[in-house]
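Chemist:
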Amino acid sequence: MTLFKWQATLEQGRGTPLVCLDYLPFARRVYGQNDARWFDAGPLLATCRQAQQGLKPDVMLFPLLDWTAAWWQAQGLALPQASRSTKALKLALENPALLRALSEVLQALATLNRADAAVALKLGSVEDWLHWISPATPLHAAVDEGDAEDVCVYLAALVNKLPAATFDSLFLHRTRPIDGSSSVAYAPLVNAAWHFGWGLVLCAQDSQDLPADIDLVASRGPLGGQGLWATDAFWHTAAPASPARFVVGTLLADMQPERVLSTLARLRASST
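The opening position of the sequence shown corresponds to residue 0 in numbering that gives the first Met the number 0, with each subsequent residue numbered one higher.
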C-alpha cells in the first residue's frame, strides 16, 4: 500500500475526518467570476486560492472529466468519432493541445499542493467518461468489463504524461456495477498507481466487488476504518455526524455558502 501525502495524516490518527472536496462548481460562483474560461490556469488558480482560504479542505480534488469536457467545448471542435466509444475517448485524451493545457493547470495548482492542501485528481467514473464521449451510452446499465478496462488504460496513459509532483493521489468513482470483475477492469489504474507511487481511492456506492490493491475506499455508508462518500444531501444536513476517517464530496454551484461552512465546521469538530 502506498503511503501518500495526506494518507500519512490518517495513519497518525488526527482524530477528526480529513475533508476531500471537489469544490470548483461551488467556488466558481462564490469565490470566482464564473468566467467562461474558468478552466484556464490563471482564473482557475485565483478561484482555488480563495476557495482554499474559505473552505480549508485537506485535499483539493481536481475534476478531470469536468475540466476535459470544458476544454473540448471551448475549442469549438467536434469530439473525435470512432467505431467504438472507447477508441473515440482514446483519441480525445491523446490530443496534444489538451495535454499542454492540462499540464499548465496542474503546474499552477502545484502551489496549492505545497502550501495549503494536497491536490488529487478526481478521475470520475468509467461510466461518466463513456457517456461524455458517447451520450447515447445508457446511464443506468452495468458497464462492460472490457470497456471499463479500456477507459482505465487511457486514463492511466494520460495521467502518466502529466507533470510529476503536481498531485499524489487519484480518486476513482463507481456508480454502476461492472459486468465482470472490477479487479480486472481497474487493474491498469491500480498498476499505474503502484508503479508511480500515487495513492488510489475508490468512491463506491456499496461494498460489493471491491477491487484488490485499492489504498482506501469511501462508500455511501462508510466501511470500518475507511471513508464516507457524501451525498449532495449531506451538505444540507442540520447536524451531520461522521465516524469516517475521511469524507469525500462535491460542492455544487447551487449550495448555500452558510450551510456548507456550517457543515464543514461540524465535521472538523467531530471525532472519528
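Beta carbons: idealized from backbone N, C-alpha and C, even for Gly.
Just so you know, these numbers come straight off a predicted model, no measurement behind them.
Using only the alpha-carbon positions, how far apart do Thr1 and Cys151 sit?
Modeler: Taking the sequence shown and counting its residues from 1, one reaches residue 1 at position 2. Taking the sequence shown and counting its residues from 1, one reaches residue 151 at position 152. Low confidence applies to Thr1: its pLDDT is 45, below 50, so where it sits in the model is not reliable, and the reading given next is rough at best. Cα to Cα, the separation comes out at about 19 Å.
Chemist: Can you list, in chain order, the stretches of the beta strand (DSSP E) that have 3 or more residues and sit fully within the stretch 14-66?
Modeler: 17-21 and 58-62
Chemist: Where are the alpha helix (DSSP H) runs, 4 residues long or more, that stay fully inside the stretch 95-179, in chain order?
Modeler: Fully enclosed alpha helix (DSSP H) runs of 4 or longer: 95-114, 125-132 and 144-159.
Chemist: What's the gap between the Cα of Arg99 and the Cα of Tyr30?
Modeler: As a working note, residue 99 is residue 100 in the sequence shown. As a working note, residue 30 is residue 31 in the sequence shown. So the two alpha carbons sit approximately 26 Å from each other.
Chemist: Suppose contacts are defined by Cβ-Cβ distances below 7 Å. Is Ala116 in contact with Pro56 by that definition?
Modeler: Here residue 116 refers to the residue found at position 117 when the sequence shown is read from its first residue. Here residue 56 refers to the residue found at position 57 when the sequence shown is read from its first residue. In contact: Ala116 and Pro56 (Cβ atoms closer than 7 Å).
Chemist: Over what stretch of residues does the alpha helix (DSSP H) that includes Leu199 continue unbroken?
Modeler: Taking the sequence shown and counting its residues from 1, the one referred to as residue 199 is at position 200. Segment Gly198 to Ala203 is the beta strand (DSSP E) holding Leu199; no alpha helix (DSSP H) there.
Chemist: Run through DSSP, which three-state label would Pro79 get?
Modeler: As a working mapping, residue 79 is identified with position 80 in the sequence shown. Residue state, collapsed to three classes: coil.
Chemist: What residues match up with Ser218 in a beta bridge as DSSP calls it?
Modeler: Translated into positions along the sequence shown, residue 218 becomes position 219. Bridge partners of Ser218: Ala203 and Leu227.
Chemist: List the endpoints of the continuous alpha helix (DSSP H) containing Thr249.
Modeler: To locate residue 249, count along the sequence shown from 1; it is residue 250. Where Thr249 is concerned, there is no enclosing alpha helix (DSSP H), although the beta strand (DSSP E) it sits in stretches over Phe245 to Thr249.
Chemist: For the stretch 83-100 and the stretch 153-162, state whether three or more C-beta atom pairs, one from each stretch, are separated by less than 8 Å.
Modeler: yes
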